[in-house]
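Protein chains in written order, with the working numbering: chain F, 111 to 443; chain U, 111 to 443.
2 protein chains.
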Amino acid sequence: MDMSEIRQDITTEEWVIIAKERALRPSEFARQQSRPELPAFSASCPFCPGNESMTPGEILIYRDKEAPGWRVRVVSNKFPALKPGGSTVRKIESGLFMSMDGVGIHEVIVETPEHNKILSLQEAGGIADILRAYRERYNAMKQESFVKLITIYKNYGPKAGTTLEHSHSQLIATPVVPRYMRIQFEVATRYYDNIGRCLYCDLASHEISTSDRLVMETEFFTVFHPFASHTPFETWIIPKRGQASFGNTTTQELADLAHVLRSVLLKIYTGLNNPDYNYVISSAPVDDENKDYYSWHIRIIPRLTELVGFEIGSGINLNTALPEETARFMRDL
Amino acid sequence: MDMSEIRQDITTEEWVIIAKERALRPSEFARQQSRPELPAFSASCPFCPGNESMTPGEILIYRDKEAPGWRVRVVSNKFPALKPGGSTVRKIESGLFMSMDGVGIHEVIVETPEHNKILSLQEAGGIADILRAYRERYNAMKQESFVKLITIYKNYGPKAGTTLEHSHSQLIATPVVPRYMRIQFEVATRYYDNIGRCLYCDLASHEISTSDRLVMETEFFTVFHPFASHTPFETWIIPKRGQASFGNTTTQELADLAHVLRSVLLKIYTGLNNPDYNYVISSAPVDDENKDYYSWHIRIIPRLTELVGFEIGSGINLNTALPEETARFMRDL
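Written out as structure tokens, the structure is:
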């Protein structure tokens, strides 16, 4: 029956209420329902082998020389949120309504040919392929002059906003740097100016030194539940070699990351009974990607609770889990 | 098959993608399932008459002199996110982890004694009582020196984050002004400095003049779907007499607002088949509530879609409805 605590996310200067009186034990967040069993192949699935013509133009494919078929495929999104062409010139109406064409790129990474192989249960080798495809597409997209920010993300399950069950993730390149990213970048720049080090690297090394919120650590990565976790079991993966852009990760780092991502997703799968989740890989704006101030990182958000009116209205998240407890729970799995 | 459009929310300078290729018709957003029928009284419900001892201290009650019982009750939240006492002095650990005690106030407005009377089906008189209770508690809370922002909100249905089905809404007073509110206030101040008028008033009067996104208009209020609606059917109610604080609304305005809220909630109930929703009444920070730059307003967010990874990562919302179409749909109901 402690008092709640208000904590600040230093990367965005947003406040989060850690609601101790309402706090649940980590195991209480586990998913209650089971999921329907999926077939290994679905004739109507655009991502299944043999149905390649159901997706728009193929952009990238990884296949084995000796074997038929493919391991990973990247295609254009059939219903793109943004697409190339059009103009980024702003139109202003009545001094109040600013808009531009929906210019950008929206691609889908089909993570596996198997309809029922979910990412949490993939081998590290398969995940390494996916990460390599992310990097390859990230670096191709940033060549386009209209691209200002590239977001790599995954939606798993209906609560995370997906309708297609065949395992996939997505990249969207936007022609604007949104305010949310500018804030993160400005905060990190100010920290760098003041302290002389990368904020994300400092955060990760403090999490290692206290270990209260640490989930795991490898040669190249630190995984933890942040001090001001916005939602229960929010999980961050930060590279030890701070680096503004995911596009500049080394092959050695990607191989390690595949193992890390596999372990973390498996912990979430096991500890929370295969919940819906999103993850997102944030990089600095393309124009800032050679600066040392920011580091790319992965945030995994299991979708365990709903946003309430207070959070929508104030921008202050209300978290009913203690990151120190959820991290210990994950560490011990 | 138009191209998407990227629109800017002028009140926060956030971008929203209006995804035209994925856009659904307004009627396609309607809720599919029916809701379980509720009893008029539930013996285990802390908000039902006769169970008053199940809630912590009563703060406010509206009752008829001639009749037994009550119409509206305000109580402390039994599991408060924040509560009075404690200190707002910031604690900083390792220069990275800032926190303070969970100081604040968290109250619940029980909107009706009837267990099964939902707000969307209340008479205007009942809604006027609820609005009066909001104003009364708002003005009481702002007397506390630690209170910096007061958010009034309602969660209706499990997707909106509520567990108690008996109709209620809530107030939270926070000891900090969150960044999200500071941004809104700064944007409105800059607009006022440049243009010499209140941004919210200008927005509302432009929506009246074009009428493309208008839902309804009364003597004191304008209701519309904003140009850069973040989610389908996001609905704004703005007072014609711009006013920083909801606490300063007049009794005449509240009476009109009761009719407006009743109409709008009924349109949402009818047109979208009784969906889950949140609404939030935003006021300026308490310390700024006598300034003309900002206006309090209500945002209603039907919970029709889920946030996807791209939105979480970039802060850019992806809206699959056209506000011009959804507003027309609502206007015509």
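A virtual CB, placed ideally from N, CA and C, is assigned to each residue, including glycine.
Since this is a predicted model, take the numbers as computed values, not measurements.
Item, Value
"Chain F within 9 angstroms of Asn388 of chain U, Cβ atoms only", "yes"
"Nearest candidate by alpha-carbon position, reference Pro194 of chain F, set F:Lys188, F:Ile215 and F:Trp180", "F:Ile215"
"With 16 other Cβ atoms within 10 Å as the buried cut-off, status of Leu443 of chain U", "exposed"
"Closer than 8 angstroms at the beta carbon, the chain U residues around Ala99 of chain F", "Because chain F here runs from 111 to 443, residue 99 of chain F falls outside it and cannot be looked at."
"Leu414 of chain U (DSSP reduced to helix, strand or coil)", "coil"
"Test item: CB-CB of Leu382 of chain F and Phe334 of chain F under 9 angstroms", "no"
"Residue span of the beta strand (DSSP E) that contains Met113 of chain F, given as start and end", "Taken as a continuous stretch (DSSP letters only), Met113 of chain F belongs to no beta strand (DSSP E), as it is neither H nor E."
"Three-pair Cβ contact test at 8 angstroms for the segment 373-390 of chain F versus the segment 227-236 of chain F", "yes"
"Contact with chain U by Leu376 of chain F, beta-carbon distance below 9 angstroms", "no"
"Buried or exposed (CB count within 10 angstroms, at least 16 for buried), Asn400 of chain F", "exposed"
"Interface positions of the segment 309-325 of chain F facing chain U (Cβ-Cβ less than 9 angstroms), listed along the chain", "Leu309, Asp312, Leu313, His316, Ser319 and Thr320"
"Boundaries of the alpha helix (DSSP H) in which Asp322 of chain F is found, first to last residue", "Where Asp322 of chain F is concerned, there is no enclosing alpha helix (DSSP H), given that its DSSP letter is neither H nor E."
"Residues of its chain near Leu432 of chain U, where Cβ-Cβ distance is below 8 angstroms and the 5 sequence neighbours each way are ignored", "Ile128, Lys130 and Ala133"
"Sequence-distant residues of the same chain with beta carbon closer than 6 angstroms to Pro336 of chain U, five excluded per side", "Trp346"
"Cβ-based burial, Met99 of chain F [other Cβ within 10 Å; buried from 16]", "The structure shown has nothing for residue 99 of chain F, since chain F only spans 111 to 443."
"For Lys130 of chain F, the three-state DSSP class (helix, strand or coil)", "helix"
"Short CB-CB distance (under 9 angstroms) between Gly419 of chain U and chain F", "yes"
"Continuous alpha helix (DSSP H) stretch holding Ala177 of chain F: start and end", "Neither: Ala177 of chain F is in no alpha helix (DSSP H) and is coded neither H nor E."
"Rounded C-alpha distance that separates Ile426 of chain U from Glu176 of chain F", "43 angstroms"
"Sheet register partners of Leu428 of chain F (DSSP bridge)", "F:Ile127"
"Anticipated Cβ contact below 8 angstroms, Leu414 of chain F with Ile282 of chain F, distance rounded", "So it is not a contact: roughly 25 angstroms between Cβ atoms."
"Contact with chain U by Trp125 of chain F, beta-carbon distance below 9 angstroms", "yes"
"DSSP state of Tyr290 of chain F mapped onto helix, strand, coil", "helix"
"Span separating the alpha-carbon of Phe139 of chain U from that of Thr273 of chain F", "15 angstroms"
"Residues of its chain near His407 of chain F, where Cβ-Cβ distance is below 8 angstroms and the 5 sequence neighbours each way are ignored", "Tyr310, Trp346, Ile347, Ile348, Pro349, Ile391 and Ser392"
"Length of the line joining the Cα atoms of Ala437 of chain F and Met326 of chain F", "9 angstroms"
"Start and end residues, beta strand (DSSP E) containing Ile215 of chain U", "Ile215 to Val220"
"Within the segment 291-318 of chain F, ranges of the alpha helix (DSSP H) (whole runs, at least 4 residues)", "none"
"Residues near Val297 of chain U by beta carbon distance below 8 angstroms, same chain, minus five either side", "Ile120, Thr121, Thr122, Glu123 and Leu309"
"Under 7 angstroms (Cβ pairs) to chain F, residues found in the segment 286-300 of chain U", "Val286, Pro288, Arg289, Tyr290 and Met291"
"Whole-Å CB distance - Asn187 of chain U paired with Glu217 of chain U, under 8 angstroms assumed", "6 angstroms"
"N- and C-terminal bounds of the beta strand (DSSP E) containing His278 of chain F", "His278 to Thr284"
"Any C-beta of chain F under 9 angstroms from that of Gln232 of chain U", "no"
"Euclidean distance between Cα positions of Ala270 of chain F and Ala270 of chain U", "15 angstroms"
"Three-state class that DSSP yields for Glu168 of chain F in the structure shown", "strand"
"C-alpha gap between Thr341 of chain F and Ala354 of chain F, whole angstroms", "25 angstroms"
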